[in-house]
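Undergrad: Got a structure here, written out as structure tokens. Questions coming.
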């Protein structure tokens, strides 16, 4: 499923304005002056001249050097990449997760030196966290095959892979020791944030920010079991499919997606681990993988830091036990059904399964050092693989799913293609399906028309013919035209 390009163009302008403001504050010294105020002795600091802004998917960071030798890292929520209404909550959950881990494990997370919500930032840059800077290099940069692609290179020595996985297994085992009685947002003893019961998940956030569809539902309502929560997550895919104006590419694509997601909802009970359905629930960090690790250098892959613990909540143990990250990149990005991509995707799948074997082996080795009362993670990982739940978990973690992705194809194979086709054909009557698809095609046609108008406005902004405020007003007005299309009820 594609993102909403109309919204993306709005967000591009928002990011442009925000970065302009940030650049000005860096150049005139006001950013350094502000960060200095968080030092307990009010020691002056300056931006590290040897580094530039570090931009991630949701955050922008800057390194600061103090006169006493301290080195801190300012992490700002990136405007246009994170939903404005959820930015404070995102920071609150990360502060709580970092503090919980810092106080109860030896995982090398950075010390928090300061944090605040958008209202606490006098520079109007939004919510922030200030942390001790961890010297080293991002493991992602060491492993990835191209600067613009996170996928792990295929020439990484197995001994290096094993060394990395062994260290990461120790980290995951410590995280797995946290137990929660309920699925939902983390407790907030540090931030005091009035957090809703339903968690701020990576998936629901991105569907809202990049797809324009709010799939959170009533966030005051909780969940009694893993079964309950998984049903809620799958309903998010369904709601996105119905309400995002460009969620289908045509009649065949629309029918295929609607039948597939409807069938998936009926099959959920087959993939619930009965021993964990009612808890204990675990610390789930949805976007936590190898890219969150800092290593000593390109030659010494010893992990010296663990960063970016956003999108954390108390969730099903199953989700904490499915290692989607074994190649750094998510398998949901690769298609096994499009002919020009299938061969490469099949190779990626083989590499993933090989790394899964390595991970399970080293995980068992690390578990031998645990005391019996701490419990083990490897049986749940093995169950996830053998039951096929591993593929379902990959779909549950992410939005914008499509039926040709590696996890969706492998899940269908595990279910059995004959059984899958039968359920898919029975789950919706043809009249209802046809009506829904026809409505989706009307929405798509209107979306395409307005997208062309939005591109014209955005091009004028890019050429300097419109200012930012006028551009955003025009773009938001056009986006509202799309929203006037009658929503389909999920």
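Numbering (our numbering), first residue to last: 660 to 1149. Backbone N, C-alpha and C fix where the C-beta goes; we use that ideal spot for every residue, glycine too. For clarity, every value in this text was computed on a predicted model and none was experimentally measured.
1) Given 8 Å as the limit, is there contact between the stretch 854–863 and the stretch 739–750, that is, 3 or more CB pairs closer than that?
2) Taking DSSP as the reference, what is the three-state secondary structure of residue 979?
3) So residue 987 and residue 799 are in contact, right, with Cβ under 8 Å, and what is the actual spacing, rounded?
4) When you compare the stretch 956–975 with the stretch 753–763, are there three or more beta-carbon pairs, one atom per stretch, that lie closer than 8 Å?
5) Short of 7 Å in beta carbon distance, which residues of its chain neighbour residue 1003, apart from the five on each side in sequence? Order them along the chain.
6) If you reduce the DSSP assignment to three classes, tell me which class residue 891 lands in.
7) Taking 8 Å as the threshold (C-beta atoms), are residue 871 and residue 833 in contact?
8) Give the list of continuous alpha helix (DSSP H) stretches no shorter than 4 residues that lie fully inside the stretch 1082–1137.
9) Curious, which full-length alpha helix (DSSP H) runs of at least 4 residues does the stretch 926–995 contain?
10) For residue 710, list the residues DSSP reports as bridge partners.
11) May I have the straight-line CA-CA distance separating residue 1085 from residue 801, to the nearest angstrom?
12) What would DSSP say about residue 1068, mapped onto helix, strand or coil?
13) How would you write the range of the alpha helix (DSSP H) that residue 718 sits in, first residue to last?
14) Buried or exposed: where does residue 999 fall if 16 or more other Cβ atoms within 10 Å of its Cβ makes it buried?
15) Please decide whether residue 1111 counts as near chain C, where near means a Cβ-Cβ distance under 8 Å.
16) Take residue 1064 as the anchor and find which of 766, 1036 and 1005 has the nearest alpha-carbon.
17) Tell me which residues share the same chain as residue 899 and place their Cβ nearer than 8 Å to its Cβ, disregarding the 5 neighbours each side in the sequence.
18) Is the CB-CB distance between residue 1051 and residue 930 below 8 Å?
19) Are the CB atoms of residue 1019 and residue 817 within a distance shorter than 8 Å?
20) Does DSSP put residue 913 in a helix, in a strand, or in coil?
21) Does DSSP put residue 824 in a helix, a strand or coil?
22) Mark residue 665 as exposed unless 16 or more other C-beta atoms lie within 10 angstroms of its C-beta, in which case mark it buried.
23) Going by C-alpha to C-alpha distance, which of 788, 1107 and 780 sits closest to residue 769?
24) Going along the chain, which residues of its own chain have a beta-carbon closer than 6 Å to the beta-carbon of residue 868, five neighbours each way excluded?
25) Using beta-carbon positions only, say whether residue 693 and residue 782 come within less than 8 Å of one another.
26) Can you find the residues in the same chain that come closer than 8 Å, C-beta to C-beta, to residue 695, ignoring five residues on each side of it along the sequence?
27) For residue 821, which of 927, 889, 1021 and 733 has the nearest alpha-carbon?
28) So, is residue 765 buried or exposed, given that buried needs 16 or more other C-beta atoms within 10 angstroms?
29) Locate the alpha helix (DSSP H) running through residue 1018, then write down its first and last residues.
30) Find out if the Cβ-Cβ distance for the pair residue 967, residue 951 is shorter than 8 Å.
31) Where do the N-terminal and C-terminal ends of the beta strand (DSSP E) with residue 736 fall, by residue?
32) DSSP three-state label for residue 882, please.
33) Which term fits residue 1128, buried or exposed, when burial requires 16 or more other beta carbons within 10 angstroms of its beta carbon?
34) Out of 735, 1044 and 1119, point me to the one whose CA is closest to residue 719's CA.
35) With H, G and I counted as helix, E and B as strand and the rest as coil, what does DSSP make of residue 809?
36) Helix or strand or just coil, what does DSSP make of residue 1029?
TA: Considering the structure as presented:
1) yes
2) Counting from 1 along the chain shown, the entry for residue 979 is found at position 320. Here residue 979 sits in helix by DSSP.
3) Mapped onto the chain shown, residue 987 falls at position 328. Mapped onto the chain shown, residue 799 falls at position 140. Yes, they are in contact, since the Cβ atoms of residue 987 and residue 799 sit about 6 Å apart, within 8 Å.
4) yes
5) In the chain shown, the residue the question calls residue 1003 occupies position 344. Within the same chain, residue 1003 has no close Cβ partners at all.
6) Taking the first residue of the chain shown as position 1, residue 891 is located at position 232. Residue 891: helix per DSSP, three-state reduction.
7) Taking the chain shown and counting its residues from 1, the one referred to as residue 833 is at position 174. Taking the chain shown and counting its residues from 1, the one referred to as residue 871 is at position 212. For residue 833 and residue 871, no; Cβs fall outside 8 Å.
8) 1089–1121
9) 976–979
10) Reading the chain shown from its first residue, position 51 is the one you call residue 710. The partner list for residue 710 (beta bridge, DSSP) is empty, contrary to what the question assumes.
11) Position 426 of the chain shown, counted from the start, is the residue given in the question as residue 1085. Position 142 of the chain shown, counted from the start, is the residue given in the question as residue 801. If I take the Cα positions, the gap works out to 48 Å.
12) Working through the chain shown from its first residue, we reach residue 1068 at position 409. It is helical.
13) Sequence index remark: in the chain shown, residue 718 carries index 59 (1-based). No alpha helix (DSSP H) holds residue 718; the beta strand (DSSP E) holding it covers 718–725.
14) Mapped onto the chain shown, residue 999 falls at position 340. Looking at its Cβ environment, which holds fewer than 16 other Cβ atoms inside 10 Å, residue 999 is exposed.
15) Absent here is chain C; the protein component of the structure consists of one chain.
16) Translated into positions along the chain shown, residue 1064 becomes position 405. Among 766, 1036 and 1005, the Cα nearest to that of residue 1064 belongs to 1005.
17) Within the chain shown, numbered from 1, the residue matching residue 899 stands at position 240. Correct list, in chain order: 660, 866, 870, 872, 874, 906, 1058 and 1059.
18) Counted from its first residue, the chain shown places residue 1051 at position 392. Counted from its first residue, the chain shown places residue 930 at position 271. Going by C-beta atoms, residue 1051 is nearer than 8 Å to residue 930.
19) Here residue 817 is taken as the residue at index 158 of the chain shown, counted from 1. Here residue 1019 is taken as the residue at index 360 of the chain shown, counted from 1. No, the pair does not count as a contact, with Cβ atoms beyond the cut-off.
20) Locating residue 913 in the chain shown gives position 254, counting from the first residue. Here residue 913 sits in helix by DSSP.
21) Start at 1 with the first residue of the chain shown, and residue 824 comes out as number 165. Residue 824: helix per DSSP, three-state reduction.
22) Counting from one through the chain shown, the residue named residue 665 turns up at place 6. Its Cβ being crowded by 16 or more others within 10 Å, residue 665 is buried.
23) To locate residue 769, count along the chain shown from 1; it is residue 110. Taking only the C-alpha atoms, the option nearest residue 769 is 788.
24) In the chain shown, counting from the first residue as 1, residue 868 sits at position 209. Cβ within range, chain order: 742.
25) Within the chain shown, the letter at position 34 stands for residue 693. Within the chain shown, the letter at position 123 stands for residue 782. In this structure, residue 782 lies closer than 8 Å to residue 693 by Cβ.
26) Here residue 695 refers to the residue found at position 36 of the chain shown. Correct list, in chain order: 701, 702, 703, 704 and 725.
27) For the purposes of this step, residue 821 is taken as the residue at position 162 of the chain shown. If we check each option's Cα against that of residue 821, 1021 comes out closest.
28) Residue numbering aside, residue 765 sits at position 106 when the chain shown is read from its first letter. It counts as exposed.
29) For the purposes of this step, residue 1018 is taken as the residue at position 359 of the chain shown. It spans 998–1026 - the alpha helix (DSSP H) in which residue 1018 sits, taken as one unbroken run.
30) By one-based count along the chain shown, residue 967 stands at place 308. By one-based count along the chain shown, residue 951 stands at place 292. Yes, these two residues count as a Cβ contact at 8 Å.
31) For the purposes of this step, residue 736 is identified with residue 77 of the chain shown, where counting begins at 1. Run containing residue 736: 730–736, per the beta strand (DSSP E) assignment.
32) Taking the chain shown and counting its residues from 1, one reaches residue 882 at position 223. Looking at residue 882 - three-state DSSP - the assignment turns out to be strand.
33) For the purposes of this step, residue 1128 is taken as residue 469 along the chain shown, with counting starting at 1. So residue 1128 counts as exposed.
34) In the chain shown, counting from the first residue as 1, residue 719 sits at position 60. Nearest option by C-alpha distance: 735.
35) Here the question's residue 809 lines up with position 150 in the chain shown. If DSSP states are grouped into helix, strand and coil, residue 809 belongs with the strands.
36) The count along the chain shown starts at 1 and reaches residue 1029 at position 370. In the structure shown, residue 1029 sits in coil (DSSP, three-state: anything other than H, G, I, E or B).
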